[in-house]
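What follows is a single structure, written as structure tokens, with notes after it.
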Amino acid sequence: MAYAEHGSDHAPQTFITKYVWSQDHKVIAVQYACTAILVGLVGVALSNLMRLQIGFPGQFEFINAERYYQFVTMHGMIMVIYLLTALFLGGFGNYLIPLMVGARDMVFPYMNMLSFWVYLVSVIVLLASFFAPGGPTGAGWTLYPPQAILPGTPGHDWGIILMLVSLLIFIVATTMGGLNYVTTVLQARCEGMTLMRMPLSVWGIFTATVLALLAFPALFVSGVMMLLDKTLQTSFFMPAIVSLGQVTNYRGGSPLLFQHLFWFFGHPEVYIVALPAFGIVSDLISVHSRKAIFGYRMMVWAIVVIGGLSFVVWAHHMFVSGMNPWFGFFFATSTLIIAVPTAIKVYNWVLTLWRGDIHLSVPMLFTLAFILTFLSGGLTGLFLGNVSVDIPLSGTYFVVAHFHMVMGVAPLLVVFGAIYHWFPKITGRMLDDRIGKTHFWVTFVGTYLIYFPMHYLGVLGMPRRYYNFDNYQFIPQSAHQLNVFITVVALVVGAAQLLFVFNLVWSTFRGRAAGSNPWRAASLEWFTPETPPKHNNWGPHLPVVHRWAYAYSVPGAKEDFIAQNAPLEDGGMEPEPYESPKEVPA
Amino acid sequence: MNGDTAVFRATQPGRDGDIPRPSWTAMRRRSRPQAIVGVGLWVFIGVATTLFSLFVTAYVMRMSADDAVAIEMPRQLWLSTALLVLGSVLLHNASVSSAAGVTDRARSYLVAGGASAAAFVAVQGWAWLALLSNEVTPTGNPSGSFFFLLTAMHALHVAGGLIGWTVVGLKFQRAPADAGWRIALCARYWHFLLLVWLALFASFSWITPDVARIICRTA
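Respectively, the protein sequence lines represent chains A and B.
Counting along the first sequence from 1, when you hit position 369 you're at 372 in the numbering used here, and nothing is skipped either side.
Counting along the second sequence from 1, when you hit position 105 you're at 106 in the numbering used here, and nothing is skipped either side.
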């Protein structure tokens, strides 16, 4: 029996098979998302602890230098890997791909289930390092050798081992999930859902998954080799070194080799997080301004080109490590070239808004905030992409401000917007609007108050990675006051996220009933027979798609949107690709 | 492919009438299990290729360092290579026999192909022992470190293949007529394992520290 014709007779019966050992992509998506959000809250708490130390040094005795570095490291790793990657691919990827392409489930449901449980194991191993002797690793989220595994770095005994093992487990989970997402998009699309009719969310998640499948192996390679350097005393990355007066057994290894491998993963990782965000934002902007996305094909190709370029820019993270000037030139150039497809996307978002019927719903607020934040974060990237500008700024808070704007705050704004947008589909209820708006304004304004001043602190020369800024002559009193201000705002923004969690829990049970398509969206996921969708998604018959997902405000149509699976006669087809005019014979 | 389409035309009329639409038959064709698992396998092969390419890149960079010395490859590797080639050929034959409907011969080839792969892993272990008895350890020199690490990674992938092979064997026992495509995919993975091993063996043998230093221009 072909996959597409699965009947609904395999629906799970018991509580355990329905909600725990579930093979349903929607349940797995919620499991992924809840785990990621929970571990993300730990990440937020860690950042607030860091800020307490920087804003009020010496006031909190339990934050000593060791703990501070442990907080920094765990915050970074949790946010980038265990929150954002897991949430965008495991959460949104799982939920949206089958529904948006008209499939009954992922093509390998059992492996999909395994993917979540393996991810959960990686999270447990990661969090276990808080309770290990010596605590979690404090090596910084990049885990650079040799310091990461030598005495003197917090958690050099157990913390670093647990961190590496957790990462390796996470990569196995991501690979299992990724195989599913890619194969589902390629093979399980319903009738009429051509690749060039897929919503941009699917394009973003699909391309990001391909990046993940090709980039995580680099982290795997570096993780395995560092683990062996730590446990078996091999010398893959470890040079001959004297550590705390002791001669070690290491010799000949190359720390630079680790940096290359790490950033060959690390830079695509930025786009593993950013591309799903790009895609989701494109869909949200189109729905909430009742207009077709501007330049759909260009948007697709921009996503693909950004994905490709992301593999040839990694060494811009290593300008200060020293390299042949020609390499620096190459990597600076490739980095700046990425600005071209990215700028195309920003222009297209803005042009979609132009003369649109803009509804300032909560998802739209987050979307607009994303465009602003991504723009300002991206512009500072142009500064840092130049070798000669990067070298003086690299060690300062300017870099902290840049990457938090561009890959911290911006994707998180999309996460929030997307959750407000699709929550009605997932639960059948709306999230509370007033709490949502409060959450939005505090988060949006708050993050700007946190990160804008950091640019200034960076230009002033304030070094990042420092535990304590007392007694540095060149740091003026005003910078310390600014740090107090940033800390206070960070605490407020951190606390505001509890509003969001409360909203999620409360609205799941008490929220206003949403109906099947509260945003009057045209893409396929809003046209399941039931809301929330049942097992197998589509009832007895798979949908048949006749148009793209952006048929909004079509002149002459009955409503201001036309569903992707509405009959052919309703019109609203995607524009034909440009064809050169045929020569008319004279 | 044409045969499949003809079958669908005869037995699975489209919902709009007697003649199925082209997009409907296309959807049917790409959602067949053999198409889905086949694409899934290609994607996995892509991931594993990336993994081993990065390992070999790291190997070249590390071997260009001053402390690297060449090691002599144990002779057992020629035996293991022969076994892996044999496994690849046997599974290919299993696939051909199964497609031709000769179930008994397909079963024999399938079992022999898996056994060759298992024997390959065992001989790799023998090669490890031979190296260890020559005092080449995982920790002493990058040549040894990479040899043990990469052969272990490759053997892990062979072991994973054997798990898949077991599943294919069980399906074959239950319904031999429907298992042909599974055996074909199993054979595809065996060919991939062979290619990876040949690339690794060639790297160990030919990318000596001197060659690596020339590649990395540290000579």
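Positions of the beta carbon are idealized from the N, C-alpha and C atoms, including for glycine.
How far does the alpha helix (DSSP H) with residue i in it reach, from first residue to last?
i, result
"ASN115 (chain A)", "112-131"
"THR38 (chain A)", "28-58"
"ARG515 (chain A)", "It is not in any alpha helix (DSSP H) - ARG515 (chain A) carries neither H nor E in the DSSP assignment."
"THR138 (chain B)", "Premise fails: THR138 (chain B) is in no alpha helix (DSSP H) and is neither H nor E."
"TYR451 (chain A)", "436-463"
"SER146 (chain B)", "143-175"
"PRO271 (chain A)", "258-291"
"VAL315 (chain A)", "Counting along the chain, VAL315 (chain A) falls outside any alpha helix (DSSP H), and DSSP gives it neither H nor E."
"TYR72 (chain A)", "68-80"
"ASN351 (chain A)", "328-356"
"TRP207 (chain B)", "181-207"
"GLY384 (chain A)", "365-387"
"ASN94 (chain B)", "77-101"
"THR430 (chain A)", "413-430"
"TYR100 (chain A)", "Looking at the sequence provided, one finds Ile at residue 100 (chain A) rather than Tyr. Counting along the chain, the alpha helix (DSSP H) containing ILE100 (chain A) begins and ends at 97-104."
"ILE215 (chain B)", "210-216"
Based on Cα-Cα distance, which residue from the options lies nearest to residue i?
i, options, result
"GLY114 (chain B)", "B:PHE205, B:GLN77, B:ALA131, B:GLY170", "B:GLY170"
"ILE275 (chain A)", "A:VAL487, A:LEU502, A:GLY181", "A:GLY181"
"TRP191 (chain B)", "B:ALA153, B:GLY102, B:ILE215, B:THR82", "B:THR82"
"HIS291 (chain A)", "A:THR355, A:THR345, A:GLN26", "A:THR355"
"ALA119 (chain B)", "B:TRP129, B:ILE164, B:ALA131", "B:ILE164"
"ALA39 (chain A)", "A:SER125, A:TYR71, A:VAL110", "A:SER125"
"LEU278 (chain A)", "A:PHE419, A:TYR253, A:LEU264, A:VAL205", "A:VAL205"
"ILE489 (chain A)", "A:MET457, A:PHE477, A:SER510, A:ALA517", "A:MET457"
"VAL496 (chain A)", "A:LEU416, A:TRP144, A:GLU533", "A:LEU416"
"LEU222 (chain A)", "A:GLY575, A:THR177, A:LEU247, A:GLY195", "A:THR177"
"ALA71 (chain B)", "B:ARG189, B:VAL90, B:ALA213, B:THR219", "B:ALA213"
"THR167 (chain B)", "B:VAL112, B:LEU132, B:ILE215, B:LEU55", "B:VAL112"
"PRO112 (chain A)", "B:ARG63, B:GLY41, B:SER146, B:ALA95", "B:GLY41"
"ARG523 (chain A)", "A:THR212, A:TYR553, A:THR511, A:HIS544", "A:TYR553"
"MET321 (chain A)", "A:HIS78, A:ILE394, A:GLU528, A:MET114", "A:ILE394"
Using a beta-carbon distance below 8 Å, is residue i in contact with chain E?
i, result
"LEU55 (chain B)", "Absent from the structure is chain E; the protein chains it does hold are A and B."
Given that residue i touches chain B, what residues does it touch there, using C-beta distances under 8 Å?
i, result
"ARG254 (chain A)", "ASP68"
"SER313 (chain A)", "Residues of chain B passing the Cβ test: none, with the nearest at roughly 14 Å."
"LEU146 (chain A)", "Near LEU146 (chain A) there are no residues of chain B at all, since even the closest Cβ is about 16 Å away, more than 8 Å."
"LEU217 (chain A)", "GLY47, VAL48, THR51"
"LEU264 (chain A)", "LEU55, ALA59"
At 9 Å on the CB atoms, spell out the chain A contacts of residue i, in chain order.
i, result
"TRP25 (chain B)", "GLU194, GLY195, VAL547"
"LEU150 (chain B)", "VAL227, MET228, LEU231, THR237, PHE239"
"PRO143 (chain B)", "THR237, SER238, PHE239, GLY255, GLY256"
Among all the DSSP beta bridges, which residues are the ones paired with residue i?
i, result
"GLU194 (chain A)", "A:VAL547"
"PRO34 (chain B)", "According to DSSP, which records beta bridges pairwise, PRO34 (chain B) is partnered with nothing at all."
"PHE564 (chain A)", "A:TYR555"
"GLN249 (chain A)", "A:SER246"
"THR210 (chain A)", "Per DSSP, none; premise fails for THR210 (chain A)."
"THR399 (chain A)", "A:PRO466"
Given that residue i touches chain B, what residues does it touch there, using C-beta distances under 7 Å?
i, result
"GLN26 (chain A)", "Going along chain B, no residue has its Cβ under 7 Å from GLN26 (chain A), so there is no contact; the nearest lies around 15 Å."
"PRO220 (chain A)", "VAL48, THR51, LEU52, LEU55"
"PHE603 (chain A)", "With chain A covering only 4 through 589, there is no way to say anything about residue 603 (chain A)."
"PHE111 (chain A)", "GLY41"
"THR336 (chain A)", "The premise fails here: THR336 (chain A) is roughly 22 Å from chain B at the closest Cβ pair, so nothing lies under 7 Å."
"LEU260 (chain A)", "ALA59, MET62, ARG63"
In chain A, which residues lie less than 7 Å from residue i when you measure between Cβ atoms?
i, result
"PHE45 (chain B)", "LEU182"
Residue i touches chain A at which residues, Cβ-Cβ below 8 Å?
i, result
"PRO139 (chain B)", "LEU231, LEU235, THR237"
"ALA188 (chain B)", "Correct list: empty, because the minimum Cβ distance to chain A is about 20 Å."
"MET74 (chain B)", "Ordered by position in chain A, no residue passes the 8 Å Cβ test against MET74 (chain B), which lies about 20 Å from the chain."
Give the interface partners of residue i over in chain B, defined as CB-CB distance under 9 Å, in chain order.
i, result
"THR178 (chain A)", "PHE45, VAL48"
query = Three or more C-beta pairs closer than 8 Å, one from the stretch 350-368 of chain A and one from the stretch 388-398 of chain A: is that the case here?
reply = Of all C-beta pairs linking the stretch 350-368 of chain A to the stretch 388-398 of chain A, fewer than three are shorter than 8 Å, placing the two stretches out of contact.
task: Take every Cβ of the stretch 51-62 of chain A, pair it with every Cβ of the stretch 466-486 of chain A, and state whether three or more of those distances are shorter than 8 Å.
output: yes
Report yes or no: do the stretch 118-136 of chain B and the stretch 63-82 of chain B share at least 3 C-beta pairs separated by less than 8 Å? yes
Three or more beta-carbon pairs under 8 Å between the stretch 494-505 of chain A and the stretch 427-447 of chain A, yes or no?
yes
| Cβ contact check for the stretch 259-266 of chain A and the stretch 516-530 of chain A: 3 or more pairs under 8 Å | Pairwise C-beta distances place the stretch 259-266 of chain A out of contact with the stretch 516-530 of chain A, as fewer than three of them are shorter than 8 Å.
- Message: Does the stretch 62-75 of chain B come into contact with the stretch 174-187 of chain B, if we say contact requires no fewer than three beta-carbon pairs (one atom in each stretch) closer than 8 Å?
- Response: These segments do not touch.
Practice task
Could you tell me whether the stretch 293-310 of chain A touches the stretch 329-338 of chain A, using the rule of 3 or more Cβ pairs below 8 Å?
Solution key: In short, these stretches do not touch, since the Cβ pair count stays below three.
> Touch check for the stretch 144-163 of chain B and the stretch 92-105 of chain B: three-plus C-beta pairs under 8 Å?
Replying inline: no
| said: With a threshold of 8 Å, are at least 3 pairs of Cβ atoms found where one atom belongs to the stretch 195-205 of chain A and the other to the stretch 555-562 of chain A? | reply: no
Can you find at least 3 beta carbon pairs, one from the stretch 153-162 of chain A and one from the stretch 129-144 of chain A, that sit closer than 8 Å?
yes
query: Just checking, does the stretch 145-155 of chain A make contact with the stretch 183-193 of chain A on the three C-beta pairs under 8 Å criterion?
result: no
Give a yes or no on contact between the stretch 163-175 of chain A and the stretch 253-260 of chain A, applying the rule of three or more CB pairs nearer than 8 Å.
-> no
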